[in-house]
């Protein structure tokens, strides 16, 4: 099963065969299943790798697997096509694999998901704004909890920070220094305003005294 689902060539062919409506359902099923399986993020796996930890270190080696080599390419792709259209079938197929294999397949799916004929984000956003959500159309969406949303946001920010630090022209401290300078300017602004206002009555008094001297 692992070889079947990790074959990028077959996945590209299968994903490209779906209609737009089917592609929406497939994308939704992938999101639902990967969240249910709680597959570690790419960022976490990369950090583990850098520190000498691999998921395979904690897994028992699989000694047997169904032999898909005897099946024709047409049969294999037909099996894949049906599996991705059915959330339960897709979940059962991936749940039988080890966590490291699930992570590998997740990465392959993310790499080839662009072959799905999905509608534009602009259209989906407009449909949602007018109440025509995918849920309303019968395409079940993955429910994202607040914790998951925050975790995804932090992972995204962490990846952006890493990319900026690796860039030779990037200076992360510049933005912090600029922010501090702006705060200091805002703090000083009221004091400067009060100082300028305090000069007005003094100038009026001086002008009055000058007039008195001229009259004398």
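Residue numbers (UniProt numbering): 1 to 216. We put the beta carbon where it would ideally sit given N, CA and C, even for glycine.
Quiz item: Are residue 38 and residue 113 close, meaning C-beta to C-beta below 9 Å?
Solution: no
Quiz item: For residue 86, which of 1, 5, 30 and 16 has the nearest alpha-carbon?
Solution: Ranked by Cα distance from residue 86, the options 1, 5, 30 and 16 are led by 30.
Quiz item: Beta carbon of residue 117, beta carbon of residue 56: below 9 Å?
Solution: no
Quiz prompt | Cβ separation of residue 106 and residue 14, assumed to be a contact under 8 Å, to the nearest whole Å | solution = Taking a contact as a CB-CB distance under 8 Å, the pair residue 106 and residue 14 does not count as one, their CB atoms being some 16 Å apart.
Self-check item: Complete alpha helix (DSSP H) runs within the stretch 51–105 (minimum length 4 residues, chain order)
Solution: 73–85 and 87–95
Quiz prompt | Test item: CB-CB of residue 32 and residue 140 under 9 Å | solution = yes
Practice problem: Count the other C-beta atoms from every protein chain shown that fall within 10 angstroms of the C-beta of residue 128, then say buried if there are 16 or more, exposed otherwise. | Solution: Residue 128 comes out exposed.
Quiz item: In three-state DSSP terms, what is residue 2?
Solution: helix
Quiz item: So residue 10 is in the alpha helix (DSSP H); what residue range does that whole segment cover?
Solution: 8–17
Quiz item: Are residue 97 and residue 2 touching if we call contact CB-CB under 9 Å?
Solution: yes
Self-check item: Sequence-distant residues of its chain with Cβ nearer than 6 Å to residue 104 (five each side left out)
Solution: 6
Quiz prompt | Cβ neighbours of residue 89 in the same chain (closer than 8 Å, five flanking residues each side left out) | solution = 82 and 83
Practice problem: Please state whether DSSP places residue 38 in a helix, a strand or coil. | Solution: For residue 38, the three-state secondary structure derived from DSSP is coil.
Quiz item: Which class does residue 118 belong to by DSSP, given the choice of helix, strand or coil?
Solution: coil
Quiz item: Under a three-way DSSP split, which group does residue 146 fall into?
Solution: Below a pLDDT of 50, predicted positions are generally treated as unreliable, and residue 146, at 48, falls in that range; the measurement from the model is reported next regardless. The answer is helix: DSSP assigns residue 146 an H, G or I state.
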